[in-house]
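What follows is a single structure, written as structure tokens, with notes after it.
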Amino acid sequence: MSGIDWIAVDWGTSHLRVWGLAGDKVIYQANSDQGMAHLARSEFEGALLALVAEWLPDAQITPVIACGMLGSRQGWVEAPYRALPCAPLGGTLAQAQCRDLRLSVHVVPGLKQTRPADVIRGEETQIAGFLAQHPGWDGVICLPGTHSKWVHVSAGEVVSFQTFLTGEMFALLSDQSVLRHTTAGWDDAGFRPGVEQGMERPERLMARLFTLRAEGLLDGLDPGLARARLSGLLIGAELASAKPYWLGQRVALIGADVLMRNYAQALGPLSVPVSTHDATEMTLAGLSAARALLPEAGARPCVN
Numbered sequence: 001m002s003g004i005d006w007i008a009v010d011w012g013t014s015h016l017r018v019w020g021l022a023g024d025k026v027i028y029q030a031n032s033d034q035g036m037a038h039l040a041r042s043e044f045e046g047a048l049l050a051l052v053a054e055w056l057p058d059a060q061i062t063p064v065i066a067c068g069m070l071g072s073r074q075g076w077v078e079a080p081y082r083a084l085p086c087a088p089l090g091g092t093l094a095q096a097q098c099r100d101l102r103l104s105v106h107v108v109p110g111l112k113q114t115r116p117a118d119v120i121r122g123e124e125t126q127i128a129g130f131l132a133q134h135p136g137w138d139g140v141i142c143l144p145g146t147h148s149k150w151v152h153v154s155a156g157e158v159v160s161f162q163t164f165l166t167g168e169m170f171a172l173l174s175d176q177s178v179l180r181h182t183t184a185g186w187d188d189a190g191f192r193p194g195v196e197q198g199m200e201r202p203e204r205l206m207a208r209l210f211t212l213r214a215e216g217l218l219d220g221l222d223p224g225l226a227r228a229r230l231s232g233l234l235i236g237a238e239l240a241s242a243k244p245y246w247l248g249q250r251v252a253l254i255g256a257d258v259l260m261r262n263y264a265q266a267l268g269p270l271s272v273p274v275s276t277h278d279a280t281e282m283t284l285a286g287l288s289a290a291r292a293l294l295p296e297a298g299a300r301p302c303v304n
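Just so it is clear: in the sequence shown, position 143 is 143 by my numbering, and no numbers are missing.
Here it is as structure tokens:
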């Protein structure tokens, strides 16, 4: 198998996704659960090769452009954060050590903000992909997920951003807290009331979370309604805190379809102009833009 001239990699905490490309055309794709959290530094190359070895042309170096948690301090190679304000891509790509001479692995650095302290690792590539497809765009980009990001973009640069643990809190509360006995399935009718309560009185969030448990015990609250309301409460509290980002702005959502639908539904009554954009498409566009930053002289493997 061959026909590719580079490989794109999105390496998260829990999952690994790879694409073999000829130019901008995807020829092969694969994924695994070998995320950064499951690997020691010496195991990254093997996890990558398990997915891409059959794609690699013989007697040829294939550049690999990667983003995500493999560039963290616990990852394959640390790709230092770049300070704001700055373009989402720039500087030097970090080069990982490879034993296989067919690979030349380069990692996109993340972004950092000192006040308030915050970091981005992986989302910078999606932002770059969005801006590559929408040149001259100014506004706010929201990237909902385990750690949702609100990012202010102007003149091609990331000016500021804020991270919320909304997705992680939803998973912990619904799967590991006392609310796991109350929430199951999904009934969309519960989502909007939760958003309204979370936005209206975010300081009441902790109490309203337990109310879900109490209503389940005393009033037989449907678990699907409870789960949707839990999501709405958390997203509503996030929107209340992120108001300086979305108020009077246009917002581009980048993420999975279900999450973007929920955020668009929450933002709709606030008269916020919202557009939605597929996360995979933006990731590939950003990695393609990062590939263009790679000098020919840098496309050599680093042998351990």
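Glycine included, each C-beta is placed from N, C-alpha and C at the ideal position.
- Pro63 is bridged by DSSP to Ser104.
- Assigned with DSSP and collapsed to three states, Arg213 falls in helix.
- The DSSP-derived three-state label of Ser174 is helix.
- If you compare the alpha carbons of Ala66, Asp278, Asn262 and Ile254 with that of Gly232, the shortest gap goes to Asn262.
- Around the beta-carbon of Gly248, fewer than 16 other beta-carbon atoms lie within 10 Å, marking it exposed.
- One Cα belongs to Tyr81, the other to Gly91, and the distance between them is close to 10 Å.
- Here Asp257 is exposed, its C-beta having fewer than 16 other C-beta atoms within 10 Å.
- Separation of the CB atoms of Ala242 and Gln162 is rounded to 6 Å, and the pair is thereby assigned contact status at 8 Å.
- Between the segment 127-142 and the segment 282-289 there are three or more C-beta pairs closer than 8 Å, enough to call the two in contact.
- For Arg250, the three-state secondary structure derived from DSSP is coil.
- Secondary structure of Gly255 (DSSP, three-state): strand.
- Less than 9 Å separates the beta-carbon of Trp137 from that of Val153.
- Under the DSSP assignment, Ile127 falls in the alpha helix (DSSP H) whose first and last residues are Glu123 to Gln133.
- Along the segment 69-116, the beta strand (DSSP E) occurs as fully enclosed runs of 3 or more residues at 103-107 and 111-113, listed in sequence order.
- By DSSP's assignment, Tyr28 forms a beta bridge with Gly20.
- Boundaries of the beta strand (DSSP E) around Ser275: Val274 to Asp278.
- With fewer than 16 other Cβ atoms from the protein chains shown falling within 10 Å of its own Cβ, Arg115 counts as exposed.
- With distances taken between CA atoms, Asp187 lies nearest to Ala228 out of Leu93, Glu78, Ala228 and Arg208.
- Between the alpha carbons of Pro295 and Val108 lies a gap of roughly 14 Å.
- Separation of the CB atoms of Leu234 and Gly198 is rounded to 7 Å, and the pair is thereby assigned contact status at 8 Å.
- Nearest neighbour of Ala87 by Cα position, chosen from Glu54, Val105, Ala50 and Val151, turns out to be Val151.
- In the DSSP assignment, Lys149 forms a beta bridge with Leu143 and Thr163.
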